[in-house]
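Numbering (my numbering), first residue to last: 522 to 639.
Encoded as structure tokens, the structure appears first; notes follow it.
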């Protein structure tokens with residue numbers, strides 16, 4: 522029986538790993554969540570680029586919402602030389618959207634948008 526971890530808390534776990542570079546053990550202590558639970562959420566994030574276990578969804582998971590895609594397109598129109606890492610950070614700060622670099626890269630490829638590589 523898994524205890525349910527709300528999406529907001531899952532996003533905080535991702536944030537602590539991605540931006541604060543905390544270990545799973547540190548995150549577990551910070552948030553008072555069992556280590557194994559933190560590890561499971563991080564594993565899912567690293568593998569799938571998502572934090573929610575969605576039951577029975579058809580097709581591949583959508584990494585970014587339409588609103589977030591719109592935001593990225595607007596960012597690139599204003600600053601065409603943004604790096605992927607910067608877009609990822611802006612998505613977090615503006616939308617609290619935790620997306621992986623690969624999910625962002627794939628989304629831009631699907632849209633046929635080119636951007637600066639590191």
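For each residue, glycine too, the CB sits at the ideal point set by N, CA and C.
Reduced DSSP secondary structure (H/G/I, E/B, other) of residue i
i	result
residue 724	Since the first and last residues shown for the chain are 522 and 639, residue 724 lies out of range.
residue 557	helix
residue 546	helix
residue 632	helix
residue 614	helix
residue 526	coil
First and last residue of the uninterrupted alpha helix (DSSP H) at residue i
i	result
residue 541	Residue 541 -> no alpha helix (DSSP H), and no H or E assigned at all.
residue 620	Taken as a continuous stretch (DSSP letters only), residue 620 belongs to no alpha helix (DSSP H), as it is neither H nor E.
residue 594	587-599
Minimum C-alpha distance to residue i - residue among the options
i	options	result
residue 560	534, 551 and 569	534
residue 528	566, 624 and 550	566
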